[in-house]
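Notes follow once the structure below has been shown.
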Amino acid sequence: MVRLLLCLLASGLLCEAVAAAKPKPKAKKQGTEITLNVLPFPMAPSEGVFLDVRDAGNDVSSGHSANTTWTGDVVIKNSKKRDKSLEIVVRNSGGEAKSATLQWFFVSLGAADGEKQIFDRGTKDLELAPTSSQSNTVTSKELQSTQISRNGEAQAKGRKIYGWIVRLLDDDDKVIAQKCSDGMLEAVTRDAAKLQKLQSPRGLSN
0 MVRLLLCLLA SGLLCEAVAA AKPKPKAKKQ GTEITLNVLP FPMAPSEGVF
50 LDVRDAGNDV SSGHSANTTW TGDVVIKNSK KRDKSLEIVV RNSGGEAKSA
100 TLQWFFVSLG AADGEKQIFD RGTKDLELAP TSSQSNTVTS KELQSTQISR
150 NGEAQAKGRK IYGWIVRLLD DDDKVIAQKC SDGMLEAVTR DAAKLQKLQS
200 PRGLSN
């Protein structure tokens with residue numbers, strides 16, 4: 000009986016040790032809003048994880064109309080609807096499995112005022128096998144812009160797609176890689192005041 004009790008006790012302690020050794024699953028982030036924080040300098044070490052972003056093109060549809068009002072004004076409207084697609088490749092060159100979080104932000108441009116604003120964003124958790132790569136294609140929401148000409152005088156309305164920001168975060172939510180569509184957006188990610196305006200309803204003016 001004593002031997003049986005000792006065996007059961009040892010078995011219980013072994014189970015607890017095995018359970019403690021298992022990695023805990025990463026907690027799910029609450030809420031759908033993704034905030035773009037100021038890019039730290041220097042960034043956290045990537046430890047063999049690399050990010051590459053390629054333009055996967057636009058889907059564009061156009062419309063045209065021309066009419067004469069009862070006052071004799073000639074009104075011509077040209078409208079465009081478009082979205083933006085990106086192919087995002089994440090590569091793990093190391094010999095161990097890695098986990099990371101991918102974030103992407105699409106930026107629009109006011110057709111009339113030129114103000115820039117984040118209009119779409121997304122996130123995805125990645126599990127990267129050793130010496131492997133993953134390709135993810137993401138597509139923005141559709142935007143519409145309209146060019147109106149009345150008796151030769153032009154007026155612009157709506158918003159156009161301007162660019163994008165893509166980030167890769169480690170398990171501690173530290174930025175380990177970032178790619179931007181141009182140098183202006185790269186500079187904005189390092190400026191707290193401009194970055195706040197880029198994410199606000201009013202947008203960032205030139």
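Quick note, the sequence shown lines up with residues 0 to 205 if you use numbering that gives the first Met the number 0. Every residue, glycine too, gets a C-beta built ideally from N, C-alpha and C.
Between the Cα of residue i and the Cα atoms of the options, which residue gives the shortest distance?
i      : options                   : result
Lys83  : Gly202, Trp163 and Gln195 : Trp163
Pro44  : Asp169, Gly182 and Asp190 : Asp169
Ala130 : Lys196, Phe40 and Glu46   : Strictly speaking, residue 130 in this sequence is Thr, with Ala absent from that position. Checking every option, the nearest Cα to that of Thr130 belongs to Glu46.
Asn57  : Glu86, Thr67 and Thr122   : Glu86
Ser78  : Asp190, Arg90 and Gln143  : Gln143
Thr145 : Ile75, Leu127 and Phe105  : Ile75
State the Cα-Cα distance for the pair residue i and residue j, rounded to the nearest angstrom.
i      : j      : result
Lys80  : Trp103 : 21 Å
Ile147 : Ala155 : 6 Å
Gly93  : Leu50  : 14 Å
Thr31  : Arg53  : Because Thr31 sits at a pLDDT of 49, beneath the cut-off of 50, its placement in the model cannot be relied upon, and the following sentence gives the value as read from the coordinates. Spanning the two alpha carbons is a distance of roughly 25 Å.
Asp282 : Ser134 : In the structure as shown, the chain begins at 0 and stops at 205. Residue 282 is therefore absent and cannot be evaluated.
Pro22  : Asp119 : Low per-residue confidence applies at Pro22: pLDDT is 38, beneath 50, and the placement is therefore not dependable, though the value from the model is reported in the following sentence. So the alpha carbons of these two residues sit roughly 33 Å apart.
Leu38  : Asn150 : 48 Å
Met42  : Ile33  : 19 Å
Ser60  : Gly182 : 29 Å
Gln29  : Ala153 : With a pLDDT of 37 at Gln29, under the threshold of 50, the predicted position of this residue should be treated as unreliable, though the coordinate-derived value follows. Looking at the two C-alpha atoms, the distance is approximately 46 Å.
Leu101 : Pro200 : 24 Å
Pro24  : Ser98  : With a pLDDT of 38 at Pro24, under the threshold of 50, the predicted position of this residue should be treated as unreliable, though the coordinate-derived value follows. Roughly 11 Å separates the two Cα atoms.
Ala26  : Ser132 : Residue placement at Ala26 is flagged as unreliable, the pLDDT there being 38, under the threshold of 50; a coordinate-derived value is accordingly withheld.
Ser180 : Lys173 : 21 Å
Asp124 : Arg166 : 12 Å
Asn36  : Val48  : 21 Å
Ala20  : Thr122 : Only weak support exists for where Ala20 lies, its pLDDT of 40 falling under 50; the value from the coordinates is given anyway. Taking the straight line from one Cα to the other gives about 29 Å.
Val88  : Gln177 : 12 Å
Leu127 : Phe105 : 25 Å
Thr67  : Ala191 : 49 Å
I think residue i touches residue j, with their Cβ atoms under 8 Å apart; what is that distance to the nearest whole Å?
i      : j      : result
Gln116 : Leu203 : 7 Å
Asp110 : Arg158 : According to the sequence provided, residue 110 is Ala. The question's Asp does not apply to it. About 6 Å; that satisfies the 8 Å criterion.
Tyr161 : Leu108 : 4 Å
Starting from residue i, follow its DSSP beta bridges and name the residues at the other end.
i      : result
Phe105 : Asp119 and Trp163
Ile87  : Val52 and Asn135
Gly157 : Ser144
Glu126 : Ser98
Val174 : Leu168
Leu203 : Lys115
Val59  : Arg81
Inset, instruction - Take every Cβ of the region 139 to 154, pair it with every Cβ of the region 181 to 199, and state whether three or more of those distances are shorter than 8 Å. - result: Contact fails: fewer than three Cβ-Cβ distances are below 8 Å.
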